[in-house]
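Taking it in order: structure first as C-alpha cells, then the write-up.
Number of protein chains: 2
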Amino acid sequence: MTAPDLDPVLLSRLADVAVHVGLNLQPGQDLVLTAPVDSLPLVREIAASAYRAGAGIVTPLLSDDDIARARFRNAADASFDRAPDWLYRGMAQAFDSGAARMAVAGADPMALAAEDPAKVSRANKANSLAYKPALEKISTFEINWTIAAYPTPGWARQVFPDLPEDEAILKLADAIFSASRVTGADPVAAWKDHNAALRARSGWLNAERFDALHFTGPGTDLVVGLAEGHEWHGGASEAQNGVTCNPNIPTEEVFTTPHAQRVDGTVRATKPLSYNGALIEEIEMRFENGRAVEARSGKGETVLHNMIDSDEGARRLGEVALVPYSSPISQTGLLFYNTLFDENAACHIAMGQCYSKCFLDGASLSDDQIAAQGGNSSIIHVDWMIGGPDTDIDGIRADGSRVPVFRNGEWAN
Amino acid sequence: MTAPDLDPVLLSRLADVAVHVGLNLQPGQDLVLTAPVDSLPLVREIAASAYRAGAGIVTPLLSDDDIARARFRNAADASFDRAPDWLYRGMAQAFDSGAARMAVAGADPMALAAEDPAKVSRANKANSLAYKPALEKISTFEINWTIAAYPTPGWARQVFPDLPEDEAILKLADAIFSASRVTGADPVAAWKDHNAALRARSGWLNAERFDALHFTGPGTDLVVGLAEGHEWHGGASEAQNGVTCNPNIPTEEVFTTPHAQRVDGTVRATKPLSYNGALIEEIEMRFENGRAVEARSGKGETVLHNMIDSDEGARRLGEVALVPYSSPISQTGLLFYNTLFDENAACHIAMGQCYSKCFLDGASLSDDQIAAQGGNSSIIHVDWMIGGPDTDIDGIRADGSRVPVFRNGEWAN
Ligand SMILES: [Zn+2]
Ligand SMILES: [Zn+2]
Ligand SMILES: [Zn+2]
Ligand SMILES: [Zn+2]
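From first to last, the protein sequence lines are chains A and B. Using the UniProt record's numbering, the first residue of the first sequence is number 1, and each one after it goes up by one. Using the UniProt record's numbering, the first residue of the second sequence is number 1, and each one after it goes up by one.
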C-alpha cells in the first residue's frame, strides 16, 4: 500500500504555518516533534521549515500503531503498568532547556479498538503519569507549542468509511488544508485576521467577567461556574518564554477555566468522543458541586468509566470552550474522530487538568492558589463536545443577572 | 514508491534471532531500539518478538535520511555543533535502569554524500560527544546489546546499482538472511554451532597470548602490538549484567584490543570504507608508536582526515579483528558499504575507542588501568578492512618467536 501524494504546495504551506504561526519557532530553538510514522511526508516538510527558521536541533519521535498493537497482543501483563520514563523525563529536560514542542495529530483513532480496554487504560495511565512533568510545562505554557494534523490512511478510512482509501485521504487532506487556513495565497495573513477575530470574542468575555455559563439544549441543562480570576483565551497566546504561539492548527474556540466545585446539572454529548482508540457515543453526565456523579454512554461505557476514574480530578472539569455551529469545521458536517478537529466544531468541556494560562496572571500562581481559585488538576485532559445547532448559553453575572452569549448555536451578538 | 514485501517467515525469524540470540532479552527487560524508518517491517517484528519474550517497554526511535538532509541543506551554521543531548542522556538512563539496546543497521550509506563534509563531520562529532555516556555502557558491555540489518531501498541501490530497485532489495535481503543464519529450519541451533566455532578460535589465541600480530599483504607491513592482559572474543559474549548476547548479527570475527602505543608500519585498506554517508577509498596509513602519522586515501580524504582528527585517540587503534577470506560474507564478493557486513568479510582494525571487554577481567579495570595496559579511548570507533586473499599474519610471542596465524587469507591451522 502506498498513500497518494498530497499537493506539495499545500503540504509545504501547512508545515510553514505549523512552524511560524503554530510554534512561532525562534532562531536557535530546539524542537521536539512527535508524529505518527504515516505522517512522514509532513514531518519532513516541518523539519525543513524549522531548520529554515533557524531551529537548533529538530528531534522527531515517530510512533507506529502496529508496534502499539504488537504490545497489547504479546506483552506480559506486568508491562501494561510501565512507560518509557527516561524518554518522558528527557522531553521535560528538553523543554527546560528551551525546546519547543510540536505534535502531528492524525493517528488512526480506532487503532486500539480491538485491544483489551483494561490493558489500554492501564498503559495510558502509566504513560500519563510518566509524561506529567513534561506535560505540565505545556499545560502551564512554559514553552511555545502546537498541534497540526496530517491525513494518515487509518484516520482517513475512519472519517470516510465509504470511499476508496486514496480518495478518503485526499478528501481528508482537503479538510485539513482548508481548516488550517493554508488554501489562500497568504496563510500567515489569514491567521492574523483569524487571531484578531478570536481575540475580540475573548476580550468581550473577559470584560464581562461572568460568574457562570448556563448551557441549555437537547438533554443539556448545565450551569458551569467559572473559576475565580479566570481568563478567556482564543487563537494566539503568549507562552511564559515570551513567544506568542498558536497551540492548535486549526483552532476555532475561545476557552477558559471552569470552577472545579461549581458545575451542576446534566449534559449530553453532541458528537461521539474518540478516546484511547475506542469510540464513546452518546455520553450523558450529571454533575453535583463540580463532580460527575453519574456517567453513561451508549457505546464505550467501560472506557468512559476508566477515563473518569483515572484520578480524583478526572471527574471534574478543566476547560469550557465556545465554538459557534457555523464555524468552518462544524460546517463540513464531518465527524473527525480527532479532538483537534471535533473540539473546534462545537462548544465543549474537558474532564481533568485545567490550563493555568486561563487565569489572570496565571503564570505567577502556585498550584495551591490555582486550586483555591477553582482550577482542577488531573493526569488527564479530555475534551468532549456538548454544543450543536440548538445550544443556548447565558452568561450569569455575580449579581444573578443574565446576558445572552449563544442563541441557537451562534454568538448572540 | 513501495518496497517489495520480504519473505515473512524469514523476516520473523530474523527478528527472533535478533531478540533471542542477538540480545538474549530477559523477561521484564526494556528495549531501546534505533532503526531507519525504512526498516519498519523488521522493527514491527522485533517489537512483537521482544514483547513475546517478556519485554517491559520497547521504545523504537526511528530515523529518516530525508530529515537529516533537510538539516544539512537548511539549518543555520551554529546548529551543526548541537545534538539532542536530552535524548542521549535519556538513553544512558534507560541503560542504567537495565534496558537492552538494539540497532537496526541499513540506512542508505550514501545518504549524506552530497552534503557539506565539514558540516557532516561537525554534526557527527557533536552527536558522538552527546552519545558518549550511553555508548560507554555499550562499549564496556554493561548491558546486552545487538545490531541486526534490514535491506532498505537506499542501501540496496548502493550494493546493487545495476539492478532494478525491487530486485536489489530482494537480493540484499537474501544476503542478510543468509549471513544472519536464519535460512535453515533451526536458526538458534545454527547460532549455537557458529558461536562454538568462534569460541574455539578465540580460545586458541587466548592460550597463545601473543605479544603482537604481524600483518603482511599488498601494501601492508604492519605490526600490531596487543594490549597487556588483552582477551580475544568472538560470537556470544557475557555482558556485565550477566546476560550472554551476540552483539552483531551477523558476526564472523574474533577480535581483541591492540596496544595504543605499539602499532608500527604501513597498512592498506582492502575495501572502501563507508563513513558518515561518504565513501573513503584506497586508505593507506603509516603508524609510529601506535599513532597514525600519515593517512591518505584515493577518495574521501577530507572525511578521513576529519575522522582521525575527532580527538587524540582517533589516530590510534581500539580493535584488531581476524576474519578468514573464506567466510560466507566475504564469499558473496559484495561490498556492502556497511560496517556490520564489510567488517565480517575481512580482517580489520578500528580507529578509536577500545572495548574494555577485550581485557582479562576487563569489567573490574578502571579507565586509568585500561589506558596503562594499552587500551585506547576516543569518541569514535571506526572499523576498516585490511584483510584479503593474500593476507599473512604471524603471531609474535614475548620471546620473539613466531607462529603462523593466517596464510593466504585463511587460518593457518
Ligand atoms: Zn478546547
Ligand atoms: Zn481541551
Ligand atoms: Zn570488529
Ligand atoms: Zn569494531
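Backbone N, C-alpha and C define an ideal beta-carbon position, used for all residues, glycine too. Since the structure is predicted, the reported quantities are computational estimates derived from the model, not experimental observations.
Minimum Cβ-Cβ distance from residue i to chain A less than 8 Å
| i | result |
| --- | --- |
| B:G290 | no |
| B:S356 | no |
| B:A27 | Residue identity differs from the one stated: residue 27 of chain B is Pro in this sequence, not Ala. So yes, B:P27 belongs to the interface. |
| B:T2 | yes |
| B:A94 | yes |
Interface residues of chain B facing residue i [CB-CB closer than 7 Å]
| i | result |
| --- | --- |
| A:P84 | I57 and T59 |
| A:N74 | A48, Y51 and R52 |
| A:L87 | T59 and G90 |
| A:Q331 | Those do not exist, as A:Q331 stays about 36 Å from chain B at its closest Cβ, beyond 7 Å. |
| A:S12 | Neighbours of A:S12 on chain B: none; closest Cβ ~12 Å, over 7 Å. |
Nearest-angstrom Cβ-Cβ length linking residue i and residue j, presumed shorter than 8 Å
| i | j | result |
| --- | --- | --- |
| A:D30 | A:A94 | 6 Å |
| B:I386 | B:A269 | 6 Å |
| B:A107 | B:G154 | 7 Å |
| A:V320 | A:P258 | 5 Å |
| B:I176 | B:A3 | In fact, because the Cβ distance is near 14 Å, the residues do not count as touching under 8 Å. |
| residue 421 of chain A | A:N24 | No statement about residue 421 of chain A is possible, as the shown extent of chain A runs from 1 to 413 and does not include it. |
| B:R316 | B:R291 | 6 Å |
| A:V37 | A:D64 | 5 Å |
| A:T140 | A:G22 | So it is not a contact: roughly 18 Å between Cβ atoms. |
| B:F210 | B:I396 | 6 Å |
| B:A260 | B:N376 | 4 Å |
| B:G388 | B:Y325 | 6 Å |
Chain-ordered chain B contacts of residue i [CB-CB under 8 Å]
| i | result |
| --- | --- |
| A:R44 | D64, D66, I67 and A70 |
| A:V37 | V37, L40 and L62 |
Closer than 8 Å to chain B by CB, residue i
| i | result |
| --- | --- |
| A:L112 | no |
| A:A148 | no |
| A:D79 | This sequence places Ser at residue 79 of chain A; Asp is not what is there. It does; some Cβ of chain B falls within 8 Å. |
Residues bridged to residue i [DSSP beta-bridge criterion]
| i | result |
| --- | --- |
| A:P247 | Answer is none; A:P247 lacks a bridge partner. |
| B:I393 | B:F215 and B:F406 |
| A:D383 | A:A350 |
| B:W411 | B:F406 |
| A:K299 | A:E281 |
| B:R286 | B:T266 and B:E294 |
| B:A100 | B:L31 |
| A:G242 | The partner list for A:G242 (beta bridge, DSSP) is empty, contrary to what the question assumes. |
| B:T59 | B:V32 |
| A:I147 | A:A103 and A:N248 |
| B:E319 | B:A350 |
| A:V254 | A:G234 and A:L322 |
| A:S274 | A:L279 |
Contacts that residue i makes with chain A (C-beta to C-beta distance below 9 Å)
| i | result |
| --- | --- |
| B:S97 | D85 and W86 |
Distance, residue j Cα to residue i Cα
| i | j | result |
| --- | --- | --- |
| A:V382 | A:E136 | 15 Å |
| B:I283 | B:Y88 | 32 Å |
| B:D162 | B:L334 | 13 Å |
| B:R180 | B:L279 | One detail in the question is off: residue 180 of chain B reads as Ser in this sequence, not Arg. If you take the alpha carbons of B:S180 and B:L279, they lie about 25 Å apart. |
| B:S330 | B:S237 | 23 Å |
| A:H233 | A:R199 | 7 Å |
| A:S97 | B:I308 | 32 Å |
| A:H305 | A:A123 | 16 Å |
| B:L226 | B:R286 | 18 Å |
| B:Q26 | B:A156 | 33 Å |
| B:E288 | B:F336 | 31 Å |
| B:K132 | A:E301 | 49 Å |
| B:G235 | B:D77 | 43 Å |
| A:G298 | B:A99 | 42 Å |
| B:T339 | A:N344 | 51 Å |
Any chain D beta carbon closer than 8 Å to residue i
| i | result |
| --- | --- |
| B:A118 | The structure shown has no chain D; the protein chains it does contain are A and B. |
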